[in-house]
Amino acid sequence: MIQGVEVAGLYVRDQDEALAFYVEKLGFRVHTDVVNGDYRWLTVQHPDQPSFQLGLFTPGPPVLDAATAQAVRAIVAKGAMPPLVLTVSDCRAAHARMLALGVEFTQAPVDRYGTVDAGFRDPSGNGWKMIQARR
Amino acid sequence: MSGDPATQDPDLLRRLLRAKDRMDAASHEEWPVGRLAQVSGVSEAHFARSFKQAFGVPPHRYLLTRRIERAMALLRETDLSITDIAFDTGWASLGTFGRTFRDITGDSPSAIRMRQRATPHELGRVPVCIVSAAHRPGLMTAVSEKRRQTTRGTNGSEQQEIP
């Protein structure tokens, strides 16, 4: 067995929108999508990384009260959530493919520090750095 | 200009973030309020007010900090002349660059360059976007206000600024 982090979650403004983004534009696949009353546990997974799930959660009841949920939605929309890093084998190719799919890039690919990196956001405002794996 | 940022509409905030991202991506360009407002899809007056409420600084002041941040990175990491750095980072005159740089960092570009090079950095393993944020200079008061405060030798509270 592998010990370690199994799920880390993002707050998103809309789970259907986030699901479409991460699956159709980033190439993730659904791992778990379970609804229980008002709560929907939704995780996606990178096809190359079966031991890790990325949770896509909306802030709100029953976990958060309405005022807290509103504050979290504002924080996400302002891009103030912590940085996320996606490793890819070819940053320029991934950029071209994702750009054609309408992904909102905040930084075009740049060669630096011996690799290539770009930046994009998900529809909710979560910021990703996309870094080409060093060979 | 009062108002709790948590009460701002998240959809508006997401569009304001887009304008902030555009300044981040091209801080050397000119970003008049009209251009930024267009990116966010709101009126100019609404944009300036909402941006400050959301991000704590007026849009133009945010742009200046980003330019100085880039200039500091170029001073640290390249051998470009200070004149080249001034023009590369969006200033129309070397004088304005030097003055704004001193107002924000408290030191001249050449002094910062010497000091940065003398200090070893442990940031090689941190993604560059995060490195630049870690080096972001603070600019909590308007540049002109900071200059007045320095002259008076006081630390007065932030003055209201017309965005």
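Listed in order, the protein sequences are those of chains A and B. Its first residue numbered 46, the first sequence is counted upward by one per residue in the working numbering. Its first residue numbered 3, the second sequence is counted upward by one per residue in the working numbering. Glycine is no exception: its CB is placed at the ideal position from the N, C-alpha and C atoms.
Taking the alpha helix (DSSP H) that residue i falls in, what are its first and last residues?
| i | result |
| --- | --- |
| residue 120(A) | 111-122 |
| residue 48(B) | 46-57 |
| residue 23(B) | 12-27 |
| residue 180(A) | Here residue 180(A) belongs to no alpha helix (DSSP H), and DSSP marks it neither H nor E. |
| residue 42(B) | 35-42 |
Roughly how many angstroms lie between the CA atoms of residue i and residue j, to the nearest whole one?
| i | j | result |
| --- | --- | --- |
| residue 60(B) | residue 93(B) | 19 Å |
| residue 17(B) | residue 157(A) | 29 Å |
| residue 108(B) | residue 111(A) | 44 Å |
| residue 101(A) | residue 24(B) | 26 Å |
| residue 89(A) | residue 76(A) | 5 Å |
| residue 42(B) | residue 32(B) | 16 Å |
| residue 85(B) | residue 36(B) | 29 Å |
| residue 34(B) | residue 50(A) | 45 Å |
| residue 93(A) | residue 58(A) | 26 Å |
| residue 165(A) | residue 174(A) | 7 Å |
| residue 52(A) | residue 95(A) | 11 Å |
| residue 153(B) | residue 105(B) | Any reading at residue 153(B) must be qualified, since the residue scores a pLDDT of 49, below 50, and its modelled position is unreliable; no value is offered. |
| residue 145(A) | residue 134(A) | 18 Å |
| residue 46(B) | residue 40(B) | 8 Å |
| residue 67(A) | residue 70(B) | 35 Å |
| residue 182(A) | residue 63(B) | The shown model of chain A, from 46 to 180, leaves out residue 182(A), and the question about it has no answer. |
| residue 98(A) | residue 129(A) | 14 Å |
| residue 82(B) | residue 99(B) | 15 Å |
| residue 178(A) | residue 97(B) | 42 Å |
| residue 88(B) | residue 167(A) | 33 Å |
| residue 113(A) | residue 38(B) | 29 Å |
| residue 102(B) | residue 121(B) | 23 Å |
Just curious, the beta strand (DSSP E) that residue i is in, first and last residue?
| i | result |
| --- | --- |
| residue 47(A) | Careful: residue 47(A) lies outside any beta strand (DSSP E) and carries neither H nor E. |
| residue 111(B) | Counting along the chain, residue 111(B) falls outside any beta strand (DSSP E), though it belongs to the alpha helix (DSSP H) covering 111-120. |
| residue 162(A) | 160-166 |
| residue 153(A) | 149-157 |
| residue 177(A) | 172-177 |
Apply the 10 Å Cβ neighbour rule to residue i and answer buried if 16 or more other Cβ atoms are within range, or exposed otherwise.
| i | result |
| --- | --- |
| residue 124(A) | buried |
| residue 180(A) | exposed |
| residue 80(A) | exposed |
| residue 46(A) | exposed |
| residue 13(B) | exposed |
| residue 48(A) | exposed |
| residue 73(B) | buried |
| residue 1(B) | Because chain B here runs from 3 to 165, residue 1(B) falls outside it and cannot be looked at. |
| residue 155(A) | exposed |
| residue 119(B) | exposed |
Could you tell me whether any non-hydrogen atom of the ligand FMN is closer than 7 Å to the CB of residue i?
| i | result |
| --- | --- |
| residue 59(A) | Looking at this structure, you won't find the ligand FMN or any other ligand, since it has none at all. |
If residue i and residue j are in contact, beta carbons under 8 Å, what's the gap, nearest whole angstrom?
| i | j | result |
| --- | --- | --- |
| residue 109(A) | residue 117(A) | 7 Å |
| residue 48(B) | residue 90(B) | Not a contact, Cβ separation roughly 32 Å. |
| residue 126(A) | residue 70(A) | Residue 126(A) to residue 70(A), Cβ: 19 Å. No contact. |
Complete alpha helix (DSSP H) runs within the stretch 73-101 of chain B (minimum length 4 residues, chain order): Whole alpha helix (DSSP H) segments, 4+ residues: 84-90.
Length-filtered (3 minimum) beta strand (DSSP E) runs lying within the stretch 53-141 of chain A: Within the stretch 53-141 of chain A, the runs of beta strand (DSSP E) that reach at least 3 residues and sit entirely inside it are, in chain order, 74-81, 84-90, 98-102 and 129-133.
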